[in-house]
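Input: a single structure, listed below in structure tokens.
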Amino acid sequence: MKNRDFWKKYRDMFLVTVLLAVFVGGIFGVGSMFEIGGSKLRTVILPGEQFNSSLVSPPNSTVQIEAAIKRPNDFAIYDFEVADQNTLILSRPENSYTGIKISMLKLDDNHVKDLATNTEYGVALSPDQEKMIFSEYRSAQAQRTTYEYDIKSGQRRKLANDNFYFRRYFGNDTYIGYDILVFRMIDLSTGKKRLLYSDEEIKNLVAKENHIPNPDEVWILPDSMEFSRDLQYFYALVGGDNKFMVYRFSVNDRNNVVAYTPADEIQQFRVLKNGDLLVQGIVNKVQGLFIYRNASKRFDLLMKSNIWSFDLNEDESRIAYFTVLENQKNELHMAYLEGGKLLSDTVVYRNIDNFVNLKWNGDNLFVVSSSMEKSEIYRFTFRAW
Numbered sequence: 000m001k002n003r004d005f006w007k008k009y010r011d012m013f014l015v016t017v018l019l020a021v022f023v024g025g026i027f028g029v030g031s032m033f034e035i036g037g038s039k040l041r042t043v044i045l046p047g048e049q050f051n052s053s054l055v056s057p058p059n060s061t062v063q064i065e066a067a068i069k070r071p072n073d074f075a076i077y078d079f080e081v082a083d084q085n086t087l088i089l090s091r092p093e094n095s096y097t098g099i100k101i102s103m104l105k106l107d108d109n110h111v112k113d114l115a116t117n118t119e120y121g122v123a124l125s126p127d128q129e130k131m132i133f134s135e136y137r138s139a140q141a142q143r144t145t146y147e148y149d150i151k152s153g154q155r156r157k158l159a160n161d162n163f164y165f166r167r168y169f170g171n172d173t174y175i176g177y178d179i180l181v182f183r184m185i186d187l188s189t190g191k192k193r194l195l196y197s198d199e200e201i202k203n204l205v206a207k208e209n210h211i212p213n214p215d216e217v218w219i220l221p222d223s224m225e226f227s228r229d230l231q232y233f234y235a236l237v238g239g240d241n242k243f244m245v246y247r248f249s250v251n252d253r254n255n256v257v258a259y260t261p262a263d264e265i266q267q268f269r270v271l272k273n274g275d276l277l278v279q280g281i282v283n284k285v286q287g288l289f290i291y292r293n294a295s296k297r298f299d300l301l302m303k304s305n306i307w308s309f310d311l312n313e314d315e316s317r318i319a320y321f322t323v324l325e326n327q328k329n330e331l332h333m334a335y336l337e338g339g340k341l342l343s344d345t346v347v348y349r350n351i352d353n354f355v356n357l358k359w360n361g362d363n364l365f366v367v368s369s370s371m372e373k374s375e376i377y378r379f380t381f382r383a384w
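Residues 0 to 384 (numbering that gives the first Met the number 0) are what the sequence shown spells out, left to right.
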């Protein structure tokens with residue numbers, strides 16, 4: 000009875016004491032966890048120029064891969080074009096490796112559909128990515144037929160008197176073709192052709208300007224062709240006398256031909272909105288990526304590296320490139336291009352075997368690798384925040 004009275008008298012005080020002990024023990028217990036882990040708190044001050052506020056980093060300081068897919072195939076791929084984020088146009092070998100065929104690959108269901116067989120290498124894709132041009136040889140004949148193909152409807156339209164072996168859309172309803180002898184512009188709505196420049200005319204011009212005795216030693220690389228944004232000029236890579244040069248040709252004034260400063264070697268170039276060039280090659284015995292400043296007529300080094308291929312997205316804000324390291328390893332990079340500099344250069348993927356090419360489509364970067372019997376397709380989707 001006395002024990003019961005004692006409990007009633009001091010119960011509340013006892014419960015408060017227990018709860019207080021648990022609370023204080025919890026605080027010291029958490030502290031001991033940090034001590035056991037051996038962690039030491041420290042303050043790290045980040046450079047203020049990396050941020051445009053105290054909390055949010057600017058878009059050009061962060062690279063984020065939102066999604067990535069890798070698709071293995073049991074066939075080889077020679078080259079590809081991107082029709083949209085889900086559709087690729089493939090140039091790949093016939094089953095017997097006796098020719099080339101053009102196929103359409105849908106990434107969402109991995110469906111491959113052959114569009115044409117016994118074709119020439121490569122296709123020309125329109126800027127709106129709705130049509131393409133290719134040539135197909137008739138069975139057991141050397142004669143070829145050229146078609147414009149509507150990607151959405153699957154309808155073909157025969158293009159008469161087309162003997163070009165290289166073509167590039169000049170807008171959505173016109174293309175420029177090269178047949179070794181001449182460059183011509185063709186209006187797809189009317190079929191009308193217009194001579195732009197002859198091969199002989201260009202070789203003579205280049206030989207004269209660069210003091211090359213024999214014009215036949217000058218060569219033209221038509222598949223390097225690029226266009227100005229206003230569609231007033233086309234650009235092509237020419238070479239001779241151990242020099243590589245980009246020439247700008249007017250489509251309306253045959254006397255308006257501009258030669259850019261020569262380089263030791265140019266593998267690839269892109270024309271920027273402001274008329275400057277993004278160039279991959281060797282300048283003054285330095286291999287890397289350069290910007291050619293049109294105003295000052297000089298090359299500025301962006302990055303020294305053994306680059307195999309690069310591509311610039313539509314708004315010229317992002318560049319992707321594939322580089323080979325000294326130990327024969329390779330890396331796929333993405334960087335921002337701003338103010339003539341590369342920012343936030345980031346390794347996206349390493350050691351892609353048998354690299355073929357890479358191309359942008361919106362926020363998606365496509366990369367293809369291939370051997371003679373199999374291939375792999377990568378798609379990286381980027382987001383900046």
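The beta-carbon is built from N, C-alpha and C at its ideal position, and this holds for glycine as well.
The region 299 to 326 contains, as complete beta strand (DSSP E) runs of 3+ residues, the segments 306 to 311 and 317 to 323 (chain order). Collapsing the DSSP output to three states places P212 in coil. Under the rule that a run must span 3 or more residues, the beta strand (DSSP E) segments found entirely inside the region 190 to 259 read 192 to 197, 218 to 226, 232 to 239, 242 to 249 and 256 to 258. Three or more Cβ pairs closer than 8 angstroms define a contact, and the region 226 to 233 falls short of that threshold against the region 277 to 294. Pairing R70 with S304, the inter-Cα distance amounts to about 29 angstroms. Under DSSP, T173 takes part in a beta bridge, and its partners are D186. In the displayed model, R349 falls within a strand according to three-state DSSP. With contacts defined by Cβ atoms closer than 8 angstroms, F248 and L195 form a contacting pair. At the C-beta level, E129 and T118 stay beyond 8 angstroms of one another. The distance from the Cβ of I265 to that of V245 is about 7 angstroms, consistent with a contact at the 8 angstroms cut-off.
Look at Q142 here: in three-state DSSP terms it is coil, with no helix or strand label.
Per DSSP, the continuous beta strand (DSSP E) segment holding V282 begins and ends at L276 to V282. In the DSSP annotation of this structure, the continuous segment of the beta strand (DSSP E) that includes V285 starts and ends at V285 to R292. Judged by beta-carbon spacing, L104 lies within the 8 angstroms limit of L87, meaning their Cβ atoms are closer than that value.
Listed as beta-bridge partners of L124 by DSSP are M131.
Between the alpha carbons of S295 and T260 lies a distance of about 10 angstroms.
Membership of L89 in the beta strand (DSSP E) is indicated by the continuous run T86 to P92. Between the region 343 to 360 and the region 309 to 320, the count of Cβ pairs shorter than 8 angstroms is three or higher; the stretches touch.
The DSSP-derived three-state label of M103 is strand. For a cut-off of 8 angstroms, the C-beta gap from G176 to D161 is around 7 angstroms, short enough to register as a contact.
Following the DSSP letters along the chain, one finds E65 inside the beta strand (DSSP E) bounded by residues Q63 to N72.
A contact is defined here as three or more CB-CB pairs under 8 angstroms, and the region 211 to 230 fails this definition with respect to the region 252 to 259.
I376 sits in a strand when the DSSP states are folded into three classes. Non-local C-beta neighbours of V256 in its own chain, meaning closer than 6 angstroms and more than five positions away in sequence, comprise F248, ordered along the chain.
In the structure shown, E119 falls within a coil segment according to DSSP collapsed to helix, strand and coil. DSSP, reduced to helix, strand and coil, places S368 within a strand of the structure shown.
In the structure shown, K157 adopts extended strand secondary structure according to DSSP, grouped into three states. Under the DSSP definition of a beta bridge, R137 lacks any partner. By the Cβ-count criterion, Y96 is exposed, with fewer than 16 other Cβ atoms from all chains shown falling within 10 Å of its own Cβ.
For Y168, the enclosing beta strand (DSSP E) begins and ends at F165 to Y168. The C-beta separation of A75 from S370 comes to about 7 angstroms, placing the pair in contact by the 8 angstroms criterion. For D83, the enclosing beta strand (DSSP E) begins and ends at D78 to D83. Between N293 and Q84, the C-beta gap is not smaller than 8 angstroms, which leaves the two residues out of contact. Here I68 is exposed. Its C-beta has fewer than 16 other C-beta atoms within 10 Å. C-alpha of P126 to C-alpha of A82: approximately 10 angstroms in a straight line.
Residue state for S343 is assigned as strand, using DSSP reduced to three classes.
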